[in-house]
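The next block holds one structure in the form of structure tokens; read it before the comments.
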Amino acid sequence: MSHGGNAHGYPTPPPSSARRVLGHAVARIEDRPLVTGRGRYAGDINFPHQLHMRIVRSPNAHGKILSVDASAALAMPGVLAVWTNADIAELSPIDFRADKNATGIREFRQPALAQTYVRYIGDPVAAVFADDPYVAEDAAEQVALAIEALPVVMSASDPPGEFEPGRSSEAIVLHHSFGDVEAAFRNAHAVIELDLQTGRHSGVPLETRGAIGVYDAAKDLLELHGAAKIPHRNRETLCRMLNRAPSSLHLHESHVGGGFGIRGELYPEDVLVLVAAMRFERPVKWIEDRREHLMCANQGREQRHRARIAVDRDGHILGIEDEIFHDQGAYIRTHGVNVPNRTMCMMTGAYKVPAYRAKARVRLTNKTPAATYRAPGRYESTFVRSRLMDAVAAKLGIDPVEVRRRNLITAQEMPYVIAFDEPGVEALEFDSGDFPALLEKALKAFGWDKLQADLKRRRAAGELVGAGVAIFMEESGRGPSDNAKIKVDPDGTVELITGGASLGQGFETVMAQICAEALGVDYRRVRVIHGQTDLIDHGIGAHAARATVLTGGAVHVTATMVRDKALEFASELLQTPADDLDIVDGMVMRRDTKGGPSIALGDLAKRLAPGSKLLRGRDPQLAAHGWYNTDHTVFPYGVHLAVACVDRDTGRVAVERFMVAYDVGRAVNPLLIEGQLVGGCVQGLGGALSEEFVYDEAGEPLSATFADYLMPTVHDVPDVEVLLTEDAPSPRHPLGLKGAGEGGINGAGGVIASAIDDALQMSGAITRLPVTPQRIRDLLRR
Amino acid sequence: MARPVPESPEPMKPAAFRYYTPKTLAEAVAVLADVASDDGRILAGGQSLVPIMAFRLAKPTHLVDINGISELARVTVADGKLKIGACVRHAAFYQPVCDGPLGKLLATVVRSIAHHPIRTRGTFCGSVAHADPASEWCALVAMLDGEMVAQSKRGQRVIAAKDYFAGIMTTALDEDELLTEVRLPLLPADARVGFQEFSRRAGDFALGMAVVTYQVVGGKIATARVGIGGAEPSPRRIAEAEAALIGKPPGATAFDAAAVAAAAAIAPLEDFHTSADYRRDLVRAMTRRALDSAAV
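Just so you know, the sequences run in chain order W and R.
Mapping the first sequence onto my numbering, position 24 (from 1) lands on 24, and the numbers just tick up by one.
Mapping the second sequence onto my numbering, position 96 (from 1) lands on 96, and the numbers just tick up by one.
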């Protein structure tokens with residue numbers, strides 16, 4: 001670890017009060033089709049003559065395939081084909097997104113159809129193609145599988161088993177460390193060890209997955225519709241797997257009913273519809289049903305941590321050590337080992353930790369594969385870090401808030417660099433932040449001191465009620481590059497083409513605001529295009545809180561280029577120096593006087609048509625294609641506060657209050673950020689209290705319906721209070737922006753555990769998420 | 001006899017079935033007599049059956065839809081009993097359907113059944129025929145010693161609650177019998193009633209519930225019924241809990257004793273959400289709270 005880092009780059013951006021639309025809580029522009037029933041989701045996309053695919057899934061959690069008998073299915077009218085792995089023998093397993101993660105783990109990738117072994121209940125074994133989706137489903141039930149059952153591994157902290165003969169189910173062991181850990185623990189006033197677990201949960205979008213493959217043999221053009229999240233990156237992977245040039249394979253995003261990290265990753269079914277579309281020369285459609293979704297889409301979060309912390313007598317952290325058992329499920333999917341890596345690198349959070357050593361054992365189990373879910377690795381590590389800090393407070397008799405205060409990195413220490421010893425492990429370079437200030441603001445806004453008195457009084461009257469705090473770092477806007485194309489139409493409409501993606505988060509509105517601010521137009525006149533690989537060759541999609549920062553940066557750069565071009569030509573037409581001109585509501589006019597000469601941007605666009613004399617050798621069109629390039633990640637941060645009340649008799653936890661305090665650097669649209677934070681918080685409460693993918697000892701998933709996988713409803717969550725601050729705009733971003741997609745969920749597990757401990761007045765009681773009523777009763781019965 | 005609706009040319013999400021729409025009770029039992037042995041099922045509100053058909057966990061060959069039989073859609077009071085026809089929806093009980101404590105109790109209990117849209121389709125008798133252990137109506141029927149009227153082509157019979165519930169989703173109904181009516185005794189005006197259940201979220205299947213009624217004479221509990229649902233394969237009255245109440249003044253001491261007795265008396269179901277110990281905890285808490293809520 002070392003302090004210091006890059007010099008500040010960009011000047012501090014102005015507050016929203018000095019801006020026209022950027023930073024303002026304006027209404028969303030994408031909702032009209034959605035609220036008038038005109039949305040177009042994967043299920044709404046149909047092509048003439050299309051086939052429908054249904055997957056035959058493994059009923060065994062682990063087994064060897066002896067035979068697949070499709071004769072009865074093939075005899076059914078309307079059934080065209082039934083494929084097994086033999087029919088796609090040349091197809092590589094579903095590949096990792098980035099090859100650099102692949103060392104030593106390629107053998108654990110998932111084949112599109114199981115080859116010799118099945119490894120979880122739901123593993124695709126065969127694909128039925130028929131004229132009708134339900135005929136395909138009827139036929140799939142007639143495909144007879146003979147599978148020899150093999151022993152299952154159901155816990156990542158049990159001794160590893162065999163993934164296949166001669167290959168351990170411990171795929172890889174990863175390391176992150178810095179500082180002298182031995183010395184830290186040797187010199188410690190106190191050492192505390194905890195054994196902690198986060199439960200298996202995941203994002204469950206309203207819209208299940210869907211994929212439609214279309215092949216145009218005349219053009220040798222392959223299309224995947226129903227894409228989401230990262231169309232461009234998935235195109236790269238698909239091109240690698242199918243050996244096609246990017247220009248001959250396009251992905252198309254339509255409306256998407258929620259993503260949360262899991263929707264839009266590349267799955268076996270996506271590849272199968274493409275291969276089938278080429279082979280049958282007919283469009284092939286696949287729509288997942290809810291039961292399949294709860295058994296087959298990426299799950300996440302399941303980890304066990306054996307964590308230790310060393311502190312001095314004042315509660316200052318000397319060192320942290322952690323051994324992580326990461327339950328990867330049956331295969332390693334597109335992210336490789338990103339989640340255990342993010343868990344390790346974010347473990348120290350917003351605290352000064354002189355020495356740190358973590359080891360993550362990535363282990364395969366016979367469950368649905370795991371991957372990234374909103375705040376991957378951070379929800380988990382914040383839970384562990386919060387438990388450690390509470391344990392330190394209890395052990396040393398220091399107030400839990402005070403012990404946090406003493407360890408926070410300060411504003412004076414920014415930028416703050418955390419460098420790891422391991423070669424190739426990227427350093428964290430916190431760009432800006434005032435963590436103590438946010439903590440104090442949050443405590444004040446929550447009325448923490450008065451609350452403590454109230455809670456004490458209520459507890460004295462017999463209630464089990466308490467409060468907790470969790471402090472966390474987020475990361476967002478990782479580079480390297482994104483781009484945007486902007487063109488002004490002759491009627492003044494602005495077309496903005498991005499390689500971003502919309503999962504419902506308000507992407508179009510945010511990009512329109514950034515474009516409108518720079519260009520000087522009404523944001524509602526900006527048509528935002530996203531998720532179409534044939535319209536723009538590169539794009540980073542919508543993941544890891546990147547879109548607003550990185551794509552927004554590209555939109556800002558490009559809109560500024562269009563603005564400069566507009567002012568250059570307007571200056572000639574209006575015979576006014578460009579510096580004296582401004583663009584207001586789409587009119588170029590003099591800055592200083594009203595009523596002077598002016599020209600509409602649309603008219604300017606008309607006068608820049610090819611052949612215009614005005615051009616004098618310069619390129620036609622009021623348009624630009626710009627790039628935003630950065631080597632950096634920007635780091636937002638937050639504080640969660642919660643009050644929980646436990647029903648002594650039933651163990652039910654009522655979350656009475658929850659506050660998300662979050663510094664976003666500069667907000668593009670506070671309304672949408674609040675929506676992101678509240679929505680994330682509700683998901684986090686689900687993972688903290690009720691949502692859990694449970695399997696029995698034979699690997700049978702017990703949470704494959706909405707009656708068993710318990711997402712919070714409106715009855716179960718409080719009105720989430722949001723304190724959005726802009727204290728620390730990123731000096732590494734032209735607009736000071738930081739991401740906001742994951743700040744609502746990050747600390748929810750940690751803070752709920754703290755609040756319940758406090759309610760029970762049992763320090764360290766909560767060691768496992770979710771905290772179910774039964775687990776609370778077990779604690780109270782002890 | 002009702003003819004099946006011609007098989008739809010459109011395939012569908014559930015496995016294929018033949019669909020019948022009788023217009024009279026006589027037609028319905030005639031169809032049922034023909035198809036029951038070939039996995040024929042009755043469709044009323046469909047709130048349990050249709051979702052499991054969509055999952056293909058149930059694949060009935062024949063579906064006899066009784067929603068068109070108007071004679072089954074009635075609630076009547078006669079002979080000191082409330083008679084609830086097979087097509088009466090849960091939502092019919094939002095407002096008291098009869099005078100006195102029974103109507104009030106039904107109106108309380110209905111609020112815990114799933115969610116409003118489900119209550120507008122699902123039926124009282126459908127719940128009783130389905131006999132999910134977590135059914136609120138089943139617990140109520142057991143507590144009140146209700147009667148089930150079963151009709152088949154062979155005739156009609158009346159089954160007492162204690163003879164009716166036979167385990168998880170299992171009843172004394174024969175496969176060709178249609179549950180046409182459930183009869184509940186009206187409660188005396190001075191009967192106190194209470195209901196409490198515990199579920200993970202509002203509207204979820206309850207993990208334990210108690211439904212109670214008692215009368216107080218001369219400051220002491222003179223009659224008492226304690227029904228427990230959601231905790232055992234079938235709901236039932238708990239004699240030990242009732243005995244703990246009789247002759248005692250209503251209040252914390254008696255209620256606690258009854259709650260402890262109920263928790264001790266049950267043989268709890270276990271599942272991954274719920275251990276036996278936890279279920280006993282819930283039964284104790286719900287019994288105590290149901291008795292408390294009856295007292296006010």
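Note that beta-carbon positions come from the ideal geometry of N, C-alpha and C, so glycine has one too.
Note that this is a predicted model, so its numbers are computed, not measured.
Cross-strand partners of residue i (DSSP beta bridge)
i, result
"asparagine 629 of chain W", "W/Ser481"
"cysteine 645 of chain W", "W/Val465, W/Ala654"
"arginine 306 of chain W", "W/Asp195, W/Glu323"
"glutamine 761 of chain W", "Answer by DSSP bridge pairing: none, since glutamine 761 of chain W is not bridged."
"glycine 300 of chain W", "W/His201"
"methionine 209 of chain R", "R/Glu197, R/Gly229"
"phenylalanine 178 of chain W", "W/Tyr356"
"arginine 363 of chain W", "W/Glu170, W/Asp327"
"lysine 456 of chain W", "Bridge partners of lysine 456 of chain W: none, in fact."
"lysine 220 of chain R", "R/Val217"
Same chain only: Cβ atoms within 7 angstroms of residue i, ignoring 5 sequence neighbours per side
i, result
"glutamate 242 of chain R", "Ala224, Arg225, Val226"
"aspartate 696 of chain W", "Leu702"
"aspartate 580 of chain W", "Arg590, Arg591, Asp592"
"methionine 1 of chain R", "Only weak support is given to the placement of methionine 1 of chain R: the predicted model assigns it a pLDDT of 46, under 50, and the question is left unresolved by the model."
"alanine 146 of chain W", "Leu66, Ser67"
"arginine 240 of chain W", "Asp95"
"proline 712 of chain W", "Val682, Leu685, Gly686, Ser690"
"glutamate 203 of chain R", "Checking the sequence, you will find glycine at residue 203 of chain R rather than glutamate. Excluding sequence neighbours, glycine 203 of chain R sits near Ala114, His115."
Proximity below 9 angstroms, CB of residue i to CB of residue j
i, j, result
"aspartate 783 of chain W", "proline 490 of chain W", "Here chain W has residues from 1 to 782 only, and residue 783 of chain W is not among them."
"valine 557 of chain W", "tryptophan 627 of chain W", "yes"
"phenylalanine 185 of chain W", "glycine 319 of chain W", "yes"
"alanine 234 of chain W", "isoleucine 262 of chain W", "Looking at the sequence provided, one finds asparagine at residue 234 of chain W rather than alanine. No. Outside cutoff."
"tyrosine 709 of chain W", "leucine 294 of chain W", "yes"
"phenylalanine 291 of chain R", "alanine 258 of chain R", "In the sequence as displayed, the identity of residue 291 of chain R is leucine instead of phenylalanine. Yes, the pair counts as a contact, with Cβ atoms nearer than the cut-off."
"leucine 550 of chain W", "threonine 630 of chain W", "yes"
"glutamate 474 of chain W", "glycine 749 of chain W", "no"
"tyrosine 379 of chain W", "isoleucine 45 of chain W", "no"
"threonine 198 of chain W", "arginine 301 of chain W", "yes"
"alanine 307 of chain W", "alanine 188 of chain W", "no"
"valine 64 of chain R", "histidine 90 of chain R", "no"
Rounded distance between the beta-carbons of residue j and residue i, thought under 8 angstroms
i, j, result
"proline 636 of chain W", "valine 664 of chain W", "6 angstroms"
"aspartate 226 of chain W", "glycine 203 of chain W", "Aspartate is not the amino acid found at residue 226 of chain W; the sequence shown has glycine there. Incorrect: roughly 17 angstroms between the Cβ atoms, too far for contact."
"isoleucine 29 of chain W", "alanine 512 of chain W", "6 angstroms"
"valine 182 of chain R", "glycine 146 of chain R", "6 angstroms"
"proline 233 of chain R", "leucine 269 of chain R", "7 angstroms"
"alanine 15 of chain R", "lysine 81 of chain R", "The Cβ separation is near 40 angstroms, so there is no contact."
"valine 88 of chain R", "phenylalanine 124 of chain R", "5 angstroms"
Contact set for residue i: own chain, Cβ-Cβ below 6 angstroms, skip 5 residues either direction
i, result
"valine 211 of chain R", "Ala139, Leu140, Met143, Phe195, Gly227"
"aspartate 582 of chain W", "Arg591"
"valine 193 of chain R", "Pro101, Leu105, Thr213, Ala294"
"aspartate 277 of chain R", "none"
"proline 15 of chain W", "none"
"methionine 76 of chain W", "Ala139"
is_contact[residue i, chain B] using C-beta, thresh 9 angstroms
i, result
"alanine 54 of chain R", "Absent from the structure: chain B. Protein chains present are W and R."
Chain-order list of residues whose beta-carbon lies under 8 angstroms from that of residue i (same chain, five-residue window excluded)
i, result
"isoleucine 221 of chain R", "Tyr214, Gln215, Leu245, Ile246, Gly247, Lys248, Pro249, Pro250, Ala254"
Contact test: residue i Cβ vs the ligand FMN heavy atom, cutoff 8 angstroms
i, result
"glycine 520 of chain W", "No copy of the ligand FMN occurs in the structure displayed, which carries no ligand at all."
Next on the checklist: By the 7 angstroms beta-carbon criterion, what residues does the stretch 278-292 of chain R contribute toward chain W?
Outcome noted: Tyr278, Asp281, Leu282, Ala285
Item to check | Chain-ordered residues of the stretch 220-248 of chain R with a beta carbon less than 7 angstroms from chain W | outcome: none
Item to check | Residues from the stretch 12-23 of chain R in contact with chain W, defined by Cβ distance under 9 angstroms | outcome: Met12, Lys13, Pro14, Ala15, Ala16
Checklist entry - What residues in the stretch 183-211 of chain R have a beta carbon less than 8 angstroms from any beta carbon of chain W? => result Phe198, Arg200, Arg201, Ala202, Gly203, Asp204, Phe205
Checklist entry - Taking a cut of 8 angstroms between CB atoms, which residues from the stretch 669-702 of chain W lie near chain R? => result Ser690, Val694, Asp696, Leu702
Item to check | Chain-ordered residues of the stretch 198-209 of chain W with a beta carbon less than 7 angstroms from chain R | outcome: none
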